[in-house]
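Notes follow once the structure below has been shown.
There are 2 protein chains.
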Amino acid sequence: MKAEIIAVGTELLLGQIPNVNAQIISKALQEIGIDVYYHTCVGDNQDRLSDVFKTSFARSDIIILTGGLGPTKDDLTKETVSNFLNLPLKADEHSLDKIKSFFAHRGKPIAENNYKQTLIPEGASAIENKNGTAPGVLLNNNGKIIVMLPGPPAEMEPMLKEVVIPYLSKMCNATIFSRVLKFYGIGESDLEEKLQDLIAQQTNPTIAPLAKMGEVTVRLTAKAKNRIEAQEIIKPVEDEIIKRIGSFLYGFDDDSIEKIVAQLLFNFNKTISIAESCTGGLTAHKLTNIHGISQRFDRGIVSYSNRAKHELLQVKLDTIRKYGAVSEQTAKEMAKGVRLSSGCDIGVSITGIAGPDGGTHEKPVGLVYIGYSDSKTTYVEQHFFNGSRINIKERSASSALHLVRKMIQGLISD
Amino acid sequence: MKAEIIAVGTELLLGQIPNVNAQIISKALQEIGIDVYYHTCVGDNQDRLSDVFKTSFARSDIIILTGGLGPTKDDLTKETVSNFLNLPLKADEHSLDKIKSFFAHRGKPIAENNYKQTLIPEGASAIENKNGTAPGVLLNNNGKIIVMLPGPPAEMEPMLKEVVIPYLSKMCNATIFSRVLKFYGIGESDLEEKLQDLIAQQTNPTIAPLAKMGEVTVRLTAKAKNRIEAQEIIKPVEDEIIKRIGSFLYGFDDDSIEKIVAQLLFNFNKTISIAESCTGGLTAHKLTNIHGISQRFDRGIVSYSNRAKHELLQVKLDTIRKYGAVSEQTAKEMAKGVRLSSGCDIGVSITGIAGPDGGTHEKPVGLVYIGYSDSKTTYVEQHFFNGSRINIKERSASSALHLVRKMIQGLISD
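Chains as they are written, first to last, in the numbering used here: chain A, 191 to 604; chain B, 191 to 604.
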């Protein structure tokens, strides 16, 4: 079953609102094993909508349209589709009753154009809209399924999940199940080279690598009769990938590095404090997005000035003078300083040049040192990051959290 | 000039990520008076992409494609477009040099598939990607403009704004010019009520209010022959709006509260330090996104534990015991403590309950105290914020920066 989604509304083409409906519908269809091949947005214009619908009708089995069901003259979706299919529009009695009582309730007369909302193509069923006045439409036209839903996601989504998805999943036997593997420390092209043969042979499950902010995820997607069977199809491929590049694996599915670090701190019963310079508080911000972390995270020091590094972290002024604030030595003293002064088990530090100014030939923008200290060991990593100030901050903060993970997991020995 | 946008990537059709690029590009084109007629998403599949491109090529003057420029075999955009237009792909020398030095810098050999990224169709220009390795492409094919940009918005957006939009706006005569007024401390419906008559009468300029994270912006958009004429159309409406609700105005256009605070610190020659609890470093992170701020921002203390509040900020243990860590008194002592211990002119503090746990009947989730201290005055604001943990952190951090702004501007007297 090939599906596609058409969003109707000039506000989408003006960039006033994002097309969240396409994402919501795609996810929901994917979960019941229906492939979505296209998304299209078109404005409130009958000719262009008609052309778009014609193309979709020729190539897809399921067409879901959103938007253009409202009361105004701009709302043309039902009119255009009925016209194309040569089906007259007729009032849906239940919708008409509902709108009548809606207005009676408010003591207002029904506006003429509200009648328009109750019209549906002959042979179609109305989908009740519990959060608005425009009903949806479900039509089986000689085996092609055409669905029309309102544009506002708050109205669209319940109608999709309560009526459309149950209807469509009855028609399909298969389910789709995805498993995401998350890697850090390996580039996208490196990873792809190591999995080249698997990717070349992929059929079921499919293997999709995706790079994002220094991480690479691999999504394995299987099609099967049910979830258990899908998991069985994924398992050997997942195992083979982990066998090859498992040393870079840090999590699965909706894991984030801050979530993993928080779990490790709880599991190993460790407390942590953070001393950061160029990241300016971002590392502590990320970690404190995890609720309950107050039991493990004691404090963060944003030591932006050299004076702050000295006063709050006991970094020697001599060290800064000799090696600079951005140096392995300073990172080391910062990590140790925040650990000792906080009395935590682990101290982590970040010092670097986020730019856009402040770089030199020896110490370019993007040079970042990340330090780790516990009672047994002190360790510093050197990084060169690309991109904007915000990018460099982001990469540095997540690298600091990854260093904590690797040290707790014993993946790095000094 | 008719434009359309094609986003390439199976992850979009699976609903894994939203198509934010289409919205960003549409907005930018609309601002220079170019109408966007269609958005399309298609997967990483050469046949379907080729079909989609063929349709677009027949009906539009400008086609902007995003995604599919990466190093992997799935990345097919350049290959498909060159194939359709019958243009061979050739390496762009500048991009090749850049990738070579990128890998040399890391002491790694260039992966074979990274060469692929440097290829562009004959006759096209490469668009430099400052935040990634895949360059973009700008091609004028007998008057049709074809642009290819990378999928990640952080790479795409700067290339769009710095190269593509300036190129396209040279080609158009009519200009659209927007002015954004930014308000804080007034709700969207309050604001709309105060501007009701202006909004009802709007033609040129249009007036579009938008609420976001405790702020409301009003975008005034004028269509004219040139920028000066557009500004003249906007001026009287802008003046009228400021006359009515100017006391809530804090900035214009791409101002952010952190940018405004940084400017005020420079203009008034003040230094600042931040003590934060529930925001966990986010306030310092926001402020340190402004480059050059190291001259004005000395340090941030993320005093998550009571011990940290006492040790680093000299908050009396008695105060915490008597009033609680989330209280006016603690906020006051935190702000004063961070100011005095850092020797800065201004100290600001945030303490609250970000949730989802930890709320009580007297002190619910979302209760946040924000403190301000300088040599003359100490001031505390009480807030109740709604929403998720992340939301409450965001609202608290920007409210803290707004308090600093209002205090420096003398808008609050103790």
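In this text, a Cβ means the ideal position worked out from N, Cα and C, and glycines have one as well.
Query                                                                                                                                                                                                   : Result
Please work out which residues of its chain come closer than 6 angstroms, Cβ to Cβ, to residue 367(A), disregarding the five sequence neighbours upstream and downstream, and give them in chain order. : 412, 417, 420
Got a sec, what are the start and stop residues for the beta strand (DSSP E) residue 539(B) sits in?                                                                                                    : 536 to 542
If contact means a Cβ-Cβ distance below 8 angstroms, which residues of the stretch 229 to 244 of chain B contact chain A?                                                                               : 229, 230, 231, 232, 233, 238, 242
From what residue to what residue does the beta strand (DSSP E) around residue 252(A) run?                                                                                                              : 252 to 256
For residue 408(A) versus residue 373(A), is the C-beta spacing smaller than 9 angstroms?                                                                                                               : yes
What does residue 417(A) reach in chain B if we use C-beta pairs closer than 7 angstroms?                                                                                                               : Under the 7 angstroms cutoff, chain B gives no residues; its nearest Cβ is about 17 angstroms from residue 417(A).
Just confirm the distance between the C-beta atoms of residue 403(A) and residue 588(A), as a whole number of angstroms; I'd bet it's less than 8 angstroms.                                            : 7 angstroms
When the Cα atoms are used, what is the spatial distance from residue 529(B) to residue 538(B)?                                                                                                         : 8 angstroms
Can you list, in chain order, the residues of its chain with a C-beta nearer than 7 angstroms to that of residue 215(B)? Leave out the 5 residues immediately preceding and following it.               : 195, 254, 350
Using CA atoms only, rank isn't needed, just tell me which of 339(A), 331(A), 423(A) is closest to residue 369(A).                                                                                      : 423(A)
Assign residue 547(A) to one of three DSSP states: helix, strand, or coil.                                                                                                                              : coil
Mapping DSSP to helix, strand and coil, what is residue 523(A)?                                                                                                                                         : helix
Which of the three DSSP states, helix, strand or coil, is assigned to residue 274(A)?                                                                                                                   : helix
With distances taken Cα to Cα, identify the nearest neighbour of residue 257(B) among 430(B), 531(B), 199(B).                                                                                           : 199(B)
Under 8 angstroms by Cβ, that's how I've got residue 545(B) and residue 582(B) pegged, so tell me the actual separation to the nearest angstrom.                                                        : 6 angstroms
For residue 592(B), would you say it is in contact with chain A, using Cβ-to-Cβ distances shorter than 9 angstroms as the test?                                                                         : no
For the alpha helix (DSSP H) containing residue 324(A), name the first residue and the last one.                                                                                                        : Segment: none, residue 324(A) is in no alpha helix (DSSP H) and carries neither H nor E.
For residue 443(B), which three-state DSSP category applies?                                                                                                                                            : coil
For residue 259(A) and residue 221(A), what's the separation of their Cα atoms in angstroms?                                                                                                            : 26 angstroms
Let me know the alpha helix (DSSP H) ranges lying completely inside the stretch 417 to 501 of chain A, each 4 residues or longer, listed in chain order.                                                : 417 to 435, 447 to 457, 472 to 477
Please state if the CB of residue 451(A) and the CB of residue 477(A) are separated by a distance shorter than 9 angstroms.                                                                             : yes
Can you say whether residue 313(A) is buried or exposed, counting buried as having 16 or more other CB atoms within 10 angstroms of its CB?                                                             : exposed
Does the stretch 592 to 604 of chain A touch the stretch 558 to 572 of chain A, meaning 3 or more C-beta pairs lie closer than 8 angstroms?                                                             : yes
Hey, would you say residue 270(B) sits closer than 9 angstroms to residue 309(B), going by beta carbons?                                                                                                : no
Just to make sure I have the definition right: I need the residues of chain A whose C-beta is within less than 9 angstroms of the C-beta of residue 557(B). Which are they?                             : Result: empty, since nearest Cβ-Cβ is about 16 angstroms, beyond 9 angstroms.
Compare the C-beta of residue 215(B) with all C-beta atoms of chain A and state if any pair is closer than 9 angstroms.                                                                                 : yes
With 16 other CB atoms within 10 Å as the buried threshold, where does residue 434(A) fall?                                                                                                             : exposed
Under three-state DSSP, which class holds residue 262(A)?                                                                                                                                               : coil
Which residues in chain B have a C-beta closer than 8 angstroms to the C-beta of residue 578(A)? List them in chain order.                                                                              : 320, 321, 344, 348
Taking CB distances under 9 angstroms as the criterion, tell me whether residue 207(A) reaches chain B.                                                                                                 : yes
Suppose you measure from the CA of residue 381(A) to the CA of residue 213(A); what does that come to, to the nearest Å?                                                                                : 27 angstroms
So, does the CB of residue 575(B) fall closer than 9 angstroms to a CB anywhere in chain A?                                                                                                             : no
Between the C-alpha atoms of residue 524(A) and residue 489(B), what's the straight-line distance to the nearest angstrom?                                                                              : 14 angstroms
Quick one: grab the DSSP three-state call for residue 605(A).                                                                                                                                           : Because chain A spans 191 through 604 in this model, residue 605(A) falls outside it and cannot be assessed.
Ignore the nearest five residues each way along the sequence and tell me which others in residue 343(A)'s own chain have a CB closer than 8 angstroms to its CB.                                        : 210, 211, 214
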